[in-house]
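Here is the structure we will look at.
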Amino acid sequence: MFDWMADTYGLFTGWLFEEAVQPAMYALGLMDWAEEAFHWLDFFVFGLLGIGVVYLVCRPLEAWRPVERWEDGSAVWTDVVYTLLARLGILPLLAFVLFAAVQVRIEGLIADSGWVPPTLESTFPGLRETPLLALLIYIVILDFGEYWRHRFQHTFGWWWALHSVHHAQKQMTFWTDDRNHVIDDVIAAAWFGVIAVAIGVPPGQFPIILLVLRLGESLSHANVRLDFGRVGERLLVSPRFHRLHHGLLSAGATGKNYAVLLPIWDWVFGTADFDRGRYPSTGDPTAPESLASGGWVRQQVDGTKRLVRALRGRDA
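Sequential numbering from 1 applies to the sequence shown in our numbering.
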């Protein structure tokens with residue numbers, strides 16, 4: 001099934017590139033960038049699909065039982081900009097252009113050494129016959145990695161200076177999921193990518209894993225009064241569980257509820273908290289107002305300034 005989905009997706013993006021993107025690039029004299037454009041198109045199509053799925057799931061929920069209503073929702077539109085930049089491939093394209101040469105160099109060194117890195121399926125060959133089970137295991141492992149990345153974002157002062165761009169939002173919605181500093185996004189992509197490569201996630205399953213995790217993250221940020229019950233709250237991160245993480249009491253190292261998809265990591269490592277109010281106000285009380293209500297450029301600039309101060313040992 002996964003191979004069929006990957007093949008169908010590949011055929012569609014190939015057709016779109018040949019029929020629409022390539023003729024436009026030829027007319028503009030940009031064919032030297034054809035390879036980069038093909039990779040961008042791949043990000044764009046998959047990102048558009050992801051945005052569509054998230055919107056269809058989360059927007060009706062927010063309209064049904066919103067936690068808050070605002071007369072001025074301009075700060076939310078800034079989050080929409082973040083989402084479009086992050087998921088339609090503009091930022092991933094820049095990362096591809098900057099790091100493609102480095103990636104090829106590393107892969108070449110590994111190939112020359114003759115060492116074949118072990119993967120999950122090479123360690124447990126039976127998983128090759130059960131792709132659905134393998135998919136679930138990949139999701140669990142990657143979610144575990146995301147828990148620790150998120151926890152480190154709150155632990156190290158320089159990283160919190162970046163991550164506070166995400167936490168400064170006082171009007172949290174499902175769009176807030178992608179509200180991150182560019183440097184933080186680059187670190188997150190590298191973190192996630194290294195783990196995915198290390199455990200041998202097949203290319204055909206990677207987009208599905210990404211879609212599942214991003215849907216879970218977007219839902220958890222939604223402005224909706226929704227929990228999964230006493231048992232469900234302990235099996236899957238809900239909007240209420242994650243809103244407690246974004247509450248005013250969770251800034252910096254005081255954070256709780258770091259899990260992205262599975263709350264079990266917070267249970268096991270003692271960071272789960274179900275008692276910080278039902279649906280608290282969100283935001284970072286230590287952040288300047290520009291990180292809450294400024295535009296995308298202003299937030300990136302001020303987030304960088306906070307990072308520099310943190311690296312110099314000053315208060316962020």
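Virtual Cβ for every residue (Gly too), placed ideally from N, Cα, C. Values in this document were obtained by computation on a predicted structure and should not be read as measured data.
Rounded straight-line distance, which links the Cα of Ala20 to that of Ala222: 35 Å
Enclosing alpha helix (DSSP H) for Gln300 [first to last residue]: Trp296 to Leu311
Check whether Gly255 and Val237 have beta carbons under 8 Å apart: no
Three or more C-beta pairs below 8 Å linking the region 226-236 and the region 79-88: no
DSSP bridge partner residues for Gly247 (one or two, in chain order): Thr282
At least 3 beta-carbon pairs within less than 8 Å: the region 153-163 vs the region 300-316: yes
Close-in-space but distant-in-sequence residues of the same chain around Leu61 (CB under 6 Å, 5 per side omitted): Ala222 and Val224
CA-to-CA distance, Phe192 to Arg240, given in whole angstroms: 25 Å
With 16 other Cβ atoms within 10 Å as the buried cut-off, status of Pro203: When all chains shown are included, Pro203 counts as exposed.
Three-state secondary structure (DSSP) of Met25: helix
Distance between Ile209 and Pro280 (C-alpha atoms, nearest Å): 30 Å
Whole-angstrom distance between Asp275 and Glu35, CA atom to CA atom: If you take the alpha carbons of Glu35 and Asp275, they lie about 51 Å apart.
DSSP state of Asp227 mapped onto helix, strand, coil: coil
DSSP three-state assignment for Ser238, whether helix, strand or coil: coil
Other residues of its chain near Ile195: CB distance less than 8 Å, five sequence neighbours each side excluded: Ile141, Leu142 and Gly145
Cβ-Cβ distance between Asp185 and Ala86 below 8 Å: Yes, Cβ-Cβ distance for Asp185 and Ala86 is below 8 Å.
Among Pro118, Thr119, Leu162 and His242, the one whose alpha carbon lies nearest that of Tyr147: It is His242.
Leu16 - DSSP class collapsed to helix/strand/coil: Helix, per DSSP.
CA-to-CA distance, Asp284 to Ala251, given in whole angstroms: 6 Å
Supposed close pair Leu162, Ile137 - CB separation, criterion 8 Å: That pair is no contact at about 30 Å.
Distance, Asp42 Cα to Phe12 Cα: A straight line joining the alpha-carbon of Phe12 with that of Asp42 spans about 10 Å.
Leu248 versus Leu28, Arg151, Gln169 and Gly52, residue with shortest Cα-Cα distance: Gln169
Straight-line gap, Val268 to Arg179 (C-alpha atoms, nearest Å): Straight-line Cα distance between these residues: approximately 28 Å.
Residue environment, Tyr335, which counts as buried when at least 16 other CB atoms sit within 10 Å: Any question about residue 335 goes unanswered here, given that the chain covers just 1 to 316.
Under the three-state DSSP convention, the category Phe57 falls into: It is Val, not Phe, that sits at residue 57 in the sequence shown. Of the three classes helix, strand and coil, the one that applies to Val57 here is helix, per DSSP.
Best match in Glu71, Trp115 and Ile139 for proximity to Leu262 [C-alpha to C-alpha]: Comparing Cα positions, the closest option is Ile139.
Span separating the alpha-carbon of Leu307 from that of His181: Near 10 Å, if we compare the C-alpha coordinates of His181 and Leu307.
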